[in-house]
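For reference, the structure is listed below as structure tokens.
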Amino acid sequence: MKFEFNAKYNTIAAYSILVLTIVAVIVAALLRIEAIAAFLGDCLSVLSPFIWGFSIAYILCPLLNAYERWILKAGKGKISGKGARRLGALGAYVTAIILLAVFFSIVIPQVAQSVASLAQQIPAWLAQLEPMVTNLAQKYNLASLPEGTVDKILGTAEAWMQTFASNLTTLVPQLFQWTMSFTTGIINIIVGFIVSLYLLLDKERFFAHVRKIFCALFSKARVDRLT
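Each number in this note's numbering corresponds to the 1-based position in the sequence shown with 345 added.
Written as structure tokens, this is what we have:
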């Protein structure tokens with residue numbers, strides 16, 4: 346007997362195989378979720394400088410455009426477009442570095458000082474807690490409560506405040522540790538600055554390549570709306 350192909354059933358079979366394949370991949374991924382997470386973490390570590398570069402270039406692009414327009418206008422035709430682009434990139438990076446330096450020199454010391462000051466004030470608050478509870482007990486006639494209730498309340502409050510104070514005192518070293526962890530990634534940030542510099546200096550060519558990739562994945566009308 347001759348076997349006849351049916352386009353409808355072939356399509357259904359193809360979709361069924363595709364769905365089963367996707368389900369199998371998802372199940373395998375769930376069974377090896379830790380290995381996959383470690384692999385993705387390694388990939389992100391490798392791609393981290395480029396992610397930094399794209400992010401920095403995206404943030405500094407408006408600033409570069411503003412500097413470039415101002416330089417071309419101030420130069421009155423004496424500065425070439427390439428020269429204006431380089432000077433604009435220099436101005437954008439200098440501005441960004443100054444803003445970051447001001448931010449870290451002001452905000453981080455203030456946060457650390459506030460946390461340390463709060464931790465130092467807690468013993469004084471503990472000293473004021475007992476007379477405050479005593480006044481409340483006299484005001485609302487809490488003497489009729491079972492014996493030891495007020496002492497239990499005071500003990501619980503003092504224990505909570507002491508725990509809170511110890512957590513605050515350990516927060517400052519943790520902030521320092523987080524800062525050190527951030528500085529360990531300084532190489533990635535430096536490489537990201539270099540990548541972003543290349544992107545900004547030749548951003549037209551880069552955007553042209555990105556547009557070609559989008560056109561290969563999406564329709565031209567959708568790409569025109571996105572760009």
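Ideal Cβ placement from N, Cα and C applies to all residues, glycine included.
When DSSP labels each residue in this structure, what does residue i get in the three-state scheme?
{"i": "residue 346", "result": "Residue placement at residue 346 cannot be trusted, given a pLDDT of 47 that sits under 50; what the coordinates show is reported in the next sentence. Three-state result, residue 346: coil."}
{"i": "residue 428", "result": "helix"}
{"i": "residue 377", "result": "coil"}
{"i": "residue 423", "result": "coil"}
{"i": "residue 386", "result": "helix"}
{"i": "residue 530", "result": "coil"}
Contact defined as beta carbons within less than 8 Å: I believe residue i pairs with residue j. What is the distance between those atoms, to the nearest angstrom?
{"i": "residue 336", "j": "residue 545", "result": "This structure leaves residue 336 out entirely; the chain is present only between 346 and 572."}
{"i": "residue 409", "j": "residue 433", "result": "5 Å"}
{"i": "residue 412", "j": "residue 437", "result": "6 Å"}
Is it the case that the Cβ atoms of residue i and residue j are separated by a distance below 8 Å?
{"i": "residue 537", "j": "residue 394", "result": "yes"}
{"i": "residue 555", "j": "residue 398", "result": "no"}
{"i": "residue 374", "j": "residue 381", "result": "yes"}
Measure the C-alpha to C-alpha separation of residue i and residue j and round it to an integer number of angstroms.
{"i": "residue 435", "j": "residue 396", "result": "21 Å"}
{"i": "residue 385", "j": "residue 558", "result": "23 Å"}
{"i": "residue 567", "j": "residue 417", "result": "33 Å"}
{"i": "residue 423", "j": "residue 414", "result": "13 Å"}
{"i": "residue 560", "j": "residue 388", "result": "26 Å"}
{"i": "residue 379", "j": "residue 371", "result": "14 Å"}
{"i": "residue 564", "j": "residue 453", "result": "47 Å"}
{"i": "residue 376", "j": "residue 531", "result": "35 Å"}
{"i": "residue 444", "j": "residue 391", "result": "28 Å"}
{"i": "residue 472", "j": "residue 459", "result": "21 Å"}
Hey, could you find the ends of the alpha helix (DSSP H) residue i is sitting in?
{"i": "residue 551", "result": "548-562"}
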